[in-house]
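Participant: Using the working numbering, read the sequence shown as starting at 2 and increasing by one per residue.
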Amino acid sequence: MPLLQSIVHRLDPTLDGERLTLTAAPQEQAAPSDDPVMTSLVGALNDTYNTKPKGWGRFADEGESAGPLAVWLRAYLAGEQSFAELSMALAERLSKQLQEQLSVSGYLVISHQRQGDTETLLIALVHQREGIGINSEHHAVPAAQLNTSQLTLAARINLTQWQSDAPSAQYVSFLKDRGGKKLAEGLVALLGMEEGVDAPAETRTLLKAFSDYVEKEDYDDEVSREKTDTLVDYANEQLRRGEPMTLEELSGLVNEQQPKAFYEHIRNADYGLSPEIPPDKRTLSQFRRFTGRAGGVSISFDSHLLGSSIEYDAAQDRLIIKQVPKQLREQLTKKD
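#1: Using 8 angstroms as the threshold, is the segment 105-122 in touch with the segment 148-166, meaning 3 or more CB pairs across them?
#2: Looking at the secondary structure, which residues open and close the alpha helix (DSSP H) in which Asn-136 lies?
#3: Using the three-state DSSP reduction, which class does Phe-175 fall into: helix, strand or coil?
#4: Can you tell me the Cα-Cα spacing of Leu-207 and Glu-249, whole angstroms?
#5: Asn-47 and Leu-240 look like a contact to me (Cβ under 8 angstroms); what is the Cβ gap, rounded to whole Å?
#6: Going straight from the alpha carbon of Phe-263 to that of Leu-192, what length do you get?
#7: With 16 as the cutoff for other CB atoms within 10 Å, does Gln-6 come out buried or exposed?
#8: Please go through the same chain and pick out, in chain order, the residues whose beta-carbon is closer than 6 angstroms to the beta-carbon of Ile-124, but skip the five residues on each side of it.
#9: Assign Glu-238 to one of three DSSP states: helix, strand, or coil.
#10: Considering only residues of the same chain and omitting the five flanking positions on each side of Gly-68, which have a CB-CB separation below 6 angstroms?
#11: Between Val-224, Asp-13, Pro-54, Ser-252, which lies nearest to Leu-285 when the distance is taken from Cα to Cα?
#12: In whole angstroms, what separates the C-alpha of Thr-24 from that of Gln-324?
#13: Return the chain-ordered list of same chain residues with a C-beta closer than 6 angstroms to the C-beta of Asp-281, the five sequence neighbours on each side being excluded.
#14: Measuring alpha carbon to alpha carbon, tell me which residue in Glu-216, Leu-154, Ser-212, Leu-21 is nearest Lys-182.
#15: What separation, rounded to the nearest whole angstrom, lies between the Cα atoms of Ala-92 and Leu-109?
#16: Quick one: what does DSSP say His-128 is sitting in, helix, strand or coil?
#17: According to DSSP, simplified to helix, strand and coil, what is Tyr-313?
#18: Measure the Cβ-Cβ separation of Gly-273 and Ser-174 and say whether it is below 8 angstroms.
#19: Looking at the secondary structure, which residues open and close the alpha helix (DSSP H) in which Ile-96 lies?
#20: Would a C-beta distance cut-off of 8 angstroms place Asp-13 and Ser-106 closer than the cut-off?
#21: Quick check on the burial criterion: 16 or more other C-beta atoms within 10 angstroms. Buried or exposed for His-140?
#22: For the alpha helix (DSSP H) that contains Asn-47, what are its first and last residues?
#23: Provide the residue span of the alpha helix (DSSP H) that contains Phe-60, from first to last.
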């Protein structure tokens, strides 16, 4: 992950606790090739960011939601504004947006990076924690450390997707933790964006579409498990990379012999899914299929149904199905 630019500013509350103050970096950071520690820091922040719940969207074109960030980015990418100037404008606007959130003090890391053909801009507020280290004389000494695993405020812009101007692209993401609603609102205002895809809801709908597809194709248990593993592995890889799942790409992985089959199933059944879906880690971690076959009985269902529409009575070793599938119910109630 080559770093193209990076800089660090500092946000702190005033002594009276009334507002945030910004301490700018004395100079633009050294080039990544000269600063492997900064490269490592940004890499750790990206890894943490990829695993967190996020909101997704795109820059608002007009109205109250629109902000100046898109204009600043265009000027920077066109060479009309330096990275240091862009970062200062971002830091000043963020400090104003978060005046009432004084607990957010820390180091504001802003980086422009490239991975493969994709360029992104990362904005992350990192807290510092006190620890203990060993000095050159082998004595224990206080040692401050950045807590890269506990991000509460961060956003990332996929600059490549944004510049492609694809109408359905959700190229802006931001941390959306349940306990940080005010911080998320401040970030949305800073970014000047409109929220689009609901990642948890879209991921749940995708998993429902997949379950329906597996049932429709009547795959045996082994094939069903293989395809489930394929979907989850792909989703987790995109999650690790910080990129959305693409329905057409996923369709080709799920059924290599008929690469369009799963995609056409989604479109024909009108699930209302976006062409690109940001994977939601929490939803994915709860998804797997229980399958079993013995004595002429074959059972297969998604794990998230256990405890709701399906119950397992361990004492009597029996499954209780509360909502019998319509097709099965019609067969059971059909009269001779």
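Glycine included, C-beta positions come from ideal geometry on N, C-alpha and C.
Facilitator: According to the data block:
#1: yes
#2: The residue you call residue 136 lines up with position 135 of the sequence shown. Here Asn-136 belongs to no alpha helix (DSSP H), and DSSP marks it neither H nor E.
#3: Your numbering for residue 175 matches position 174 in the sequence shown. In the structure shown, Phe-175 sits in a strand (DSSP, three-state: E or B).
#4: For the purposes of this step, residue 207 is taken as residue 206 along the sequence shown, with counting starting at 1. For the purposes of this step, residue 249 is taken as residue 248 along the sequence shown, with counting starting at 1. Taking the straight line from one Cα to the other gives about 13 angstroms.
#5: Mapped onto the sequence shown, residue 47 falls at position 46. Mapped onto the sequence shown, residue 240 falls at position 239. In fact, because the Cβ distance is near 12 angstroms, the residues do not count as touching under 8 angstroms.
#6: If you number the sequence shown from 1, residue 263 lands on position 262. If you number the sequence shown from 1, residue 192 lands on position 191. One C-alpha to the other measures close to 35 angstroms.
#7: The count along the sequence shown starts at 1 and reaches residue 6 at position 5. Buried, since its Cβ has 16 or more Cβ neighbours within 10 Å.
#8: Here residue 124 is taken as the residue at index 123 of the sequence shown, counted from 1. Cβ neighbours of Ile-124 beyond the five flanking positions: Ile-111, Ala-156.
#9: Here residue 238 refers to the residue found at position 237 when the sequence shown is read from its first residue. DSSP places Glu-238 in helix when its eight states are reduced to three.
#10: As a working note, residue 68 is residue 67 in the sequence shown. Closer than 6 angstroms at the Cβ level, and outside the excluded window around Gly-68, lie Gly-193.
#11: Here residue 285 refers to the residue found at position 284 when the sequence shown is read from its first residue. Ranking the options by Cα distance to Leu-285, first place goes to Pro-54.
#12: Counting from 1 along the sequence shown, the entry for residue 24 is found at position 23. Counting from 1 along the sequence shown, the entry for residue 324 is found at position 323. When rounded, the distance between both Cα atoms is 60 angstroms.
#13: Here residue 281 refers to the residue found at position 280 when the sequence shown is read from its first residue. Within the same chain, Asp-281 has close Cβ partners Ala-200, Pro-201, Thr-204.
#14: Within the sequence shown, numbered from 1, the residue matching residue 182 stands at position 181. When each option's Cα is compared against that of Lys-182, the closest is Leu-154.
#15: For this step, residue 92 is matched to residue 91 along the sequence shown. For this step, residue 109 is matched to residue 108 along the sequence shown. Their backbone Cα atoms lie some 8 angstroms apart in a straight line.
#16: Counted from its first residue, the sequence shown places residue 128 at position 127. Coil.
#17: As a first step, residue 313 must be located in the sequence shown, where it is residue number 312. Correct three-state label for Tyr-313: strand.
#18: The count along the sequence shown starts at 1 and reaches residue 273 at position 272. The count along the sequence shown starts at 1 and reaches residue 174 at position 173. No, they are not a contact pair.
#19: Counted from its first residue, the sequence shown places residue 96 at position 95. Reading off the sequence, residue 96 comes out as Ser, not Ile. First-last of the alpha helix (DSSP H) with Ser-96: 84-98.
#20: Start at 1 with the first residue of the sequence shown, and residue 13 comes out as number 12. Start at 1 with the first residue of the sequence shown, and residue 106 comes out as number 105. Yes, Cβ-Cβ distance for Asp-13 and Ser-106 is below 8 angstroms.
#21: Counting from 1 along the sequence shown, the entry for residue 140 is found at position 139. Label assigned to His-140: exposed.
#22: Residue mapping note: residue 47 aligns to position 46 of the sequence shown, counting from 1. Per DSSP, Asn-47 belongs to the alpha helix (DSSP H) from 37-51.
#23: The residue labelled residue 60 in the question sits at position 59 within the sequence shown. From DSSP, Phe-60 is part of no alpha helix (DSSP H) but of the beta strand (DSSP E) over 55-60.
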